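What follows is a set of notes on a single structure, which appears directly below.
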Amino acid sequence: MTATASIDPLGPGPDSTSTEIDSSALSLVRNDLLIRAQRAVGLAPAHGLGVARRALFFALVTWVPLALWAAIEGLPLRGGVGEPLSSHFGIHVRCLVAIPLLVVAEGVSHAITTRLVPEFVHGGFVAGPARAGFVESLTAVARLRDRAFPWVVLAGLLAAVLVVAPAPADNHELAWAVAKTGGFGFGGFWFTWVIRPVFTILLLAWLWRLILAIVLSARLARLDLALAPTHPDGAAGLGFLEALPIAFSPVILAISTVLASRWSHDVLYHGVHVETLRMPMIAFGVTCLVLFLAPLLPWLRVLAGVKRRAELEYGALVAEHGRLVRRRWIEHARVEDEAILSAPEIGPVADTLPIFESVRKMHVVPIGRRSLAAILLPAALPQLAVIGIEVPVKELLLGLLKALA
């Protein structure tokens, strides 16, 4: 157990506020093995994540040696026996865009989770007995995050990828890397044993963090939370969770840019038509939705149950209110218990109807435009560059505007 895992993230008192919350216990990334390893070698600061300097470091250490070797070999322009390095967009994008984005995503994820998780306290959802379960859930996920075993599994997956993936001789991305002496030189070695492993381990790390987010949501969803079915956010007060997929937006953008760069190369240099890429693009978008909305799905059972009970309870309340109104004003009968009629929080008949309607319109999953946009926009934007190779940008934008209108 690490030090952060043993800390009560809500502080010592039963009514602790956000000023006493330990942010490291609420983060999906801070203090995990990958961050600790980078701290050990001085890449990450002792406190914090050092996102900017690490993103710059990985971009330079992956791309610069490759570019220098290619320049020395005279490959950027003549391209050896194959295609020039400049035409293989995927290599540049992977080093200069995708890998830095996967590092930047750590800062985004940390900021999002440390802002959203305390809302369970601020909104009063874990007041009273639920507080102990809330603390236990956070510390359990923090312990799981800080364990070394999942990273051993990830290292095994990385080794499997490197072994199973095509050898350099069969890798089209290395068609440019033929040295003057013949065969793949330093460029092929650097791409195979530095660039690919760095990109792959960062990507696998995000798969593990996505699993952590699902585990955290599943544990919190099992708590006896004090939810409010009439909350104006339409999700019993849990509407703030719509922002959770934003934690993964840079990851989606990184994957999408790598795919788009490879597809762009195929369209420009291998005669592939954009139309044939429609299904892969759609499949990628659907896969992103399924994966990155998964942390919100554990709330389906909770909110569906809250809505089901609330429809019965608030339906009975409105019905009782309506019966008393009818007895007093239609039947002109004496109403002995007028508490429900005079309660200011309920008000007249015209005010009881919106209460019941708000319950009926309640969402059973905290998914809305914000969560969908956080996934679909980073998934789609790089693909527009691919489509724009054959489809004029003006027509493309007009088509999008018509679709949104």
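Read in order, the letters of the sequence shown correspond to residues 534 to 938 in the numbering used here.
Backbone N, C-alpha and C define an ideal beta-carbon position, used for all residues, glycine too.
If you're wondering where the values come from, they're calculated on a predicted model, not measured in any experiment.
Checklist entry - In three-state DSSP terms, what is F722? => result helix
(request) Assign F658 to one of three DSSP states: helix, strand, or coil. (result) coil
ask   = Quick one: any contact between the region 776 to 783 and the region 676 to 692, if contact means 3 or more CB pairs under 8 Å?
value = no
Please state the DSSP three-state secondary structure of G921. helix
Query raised in the report: When you compare only the Cα positions, how much space is there between G612 and E606?
Result: Any reading at G612 must be qualified, since the residue scores a pLDDT of 47, below 50, and its modelled position is unreliable; the value itself is stated next. Looking at the two C-alpha atoms, the distance is approximately 9 Å.
**OP:** Using beta-carbon positions only, say whether F590 and L576 come within less than 8 Å of one another.
**Re:** yes
| said: Please tell me whether S904 and P765 are closer than 8 Å, where the distance is taken between their beta carbons. | reply: no
Between the region 888 to 898 and the region 825 to 844, are three or more C-beta pairs nearer than 8 Å?
yes
- Query: Can you tell me the Cα-Cα spacing of S750 and L774, whole angstroms?
  - Reply: 10 Å
- Query: Taking buried to mean at least 16 other C-beta atoms within 10 Å of its own C-beta, is W726 buried or exposed?
  - Reply: exposed
> CA-CA distance, L810 and V562?
Replying inline: 34 Å
At what residue ranges does the region 822 to 860 contain a whole run of the alpha helix (DSSP H), taking only runs of 4 or more?
none
Q) For G912, is the classification buried or exposed, using 16 other Cβ atoms within 10 angstroms of its Cβ as the cut-off for buried? A) A small correction: the amino acid at residue 912 is Ala; Gly does not occupy that position in the sequence shown. It counts as buried.
>> Rounded to whole angstroms, what is the Cα-Cα separation between Y802 and A759?
In response: 59 Å
Assumed close pair L735, L635 - CB separation to whole angstroms, cut-off 8 Å: 4 Å
Fill in: Buried versus exposed, by CB contacts within 10 Å (16 or more), M812
exposed
Note to self: Tell me which residue opens and which closes the alpha helix (DSSP H) that L530 is part of.
What the structure shows: Residue 530 is absent from the structure shown; the chain starts at 534 and stops at 938.
Next on the checklist: Out of G656, L567, F719, which one is the CA nearest neighbour of A604?
Outcome noted: F719
**Asked** Do G640 and V674 have their C-beta atoms closer together than 8 Å?
**Response** no
### Message
Could you tell me the alpha carbon to alpha carbon distance between F976 and H625, rounded to whole angstroms?
### Response
Any answer about residue 976 is impossible in this case: the structure gives the chain only from 534 up to 938.
- Item | W741, buried or exposed, once every other Cβ within 10 Å from all chains shown has been counted against 16 | buried
Spatial distance of L824 from V650 (CA atoms): 20 Å
Open item on the list: Rounding to the nearest angstrom, what Cα-Cα distance links L756 and V594 in this structure?
Closed with: 46 Å
Query raised in the report: Could you check where the alpha helix (DSSP H) with E639 kicks off and where it finishes?
Result: 632 to 649
Exposed or buried, which one is P633 when buried takes at least 16 other CB atoms within 10 Å? buried
Between L671 and L559, which are expected to be in contact by the criterion C-beta below 8 Å, what is the C-beta distance as a whole number of angstroms? 6 Å
Pair within 8 Å by beta-carbon distance, L822 and I908: yes
Same chain, Cβ closer than 6 Å to F732, neighbours up to 5 away in sequence not counted | R627, I632
Alpha carbon to alpha carbon, how far is R572 from A638?
-> 18 Å
Practice item. Between the Cα of A579 and those of A754, I747, H865, R569, spot the shortest distance and give me the residue it belongs to. Key: R569
Quick check on this structure: which residue in E923, F667, A746 has the alpha carbon closest to the alpha carbon of I645?
A746
Check: Under three-state DSSP, which class holds T763?
Finding: coil
Suppose contacts are defined by Cβ-Cβ distances below 8 Å. Is S794 in contact with G623 by that definition? yes
Please state if the CB of P831 and the CB of A754 are separated by a distance shorter than 8 Å. yes
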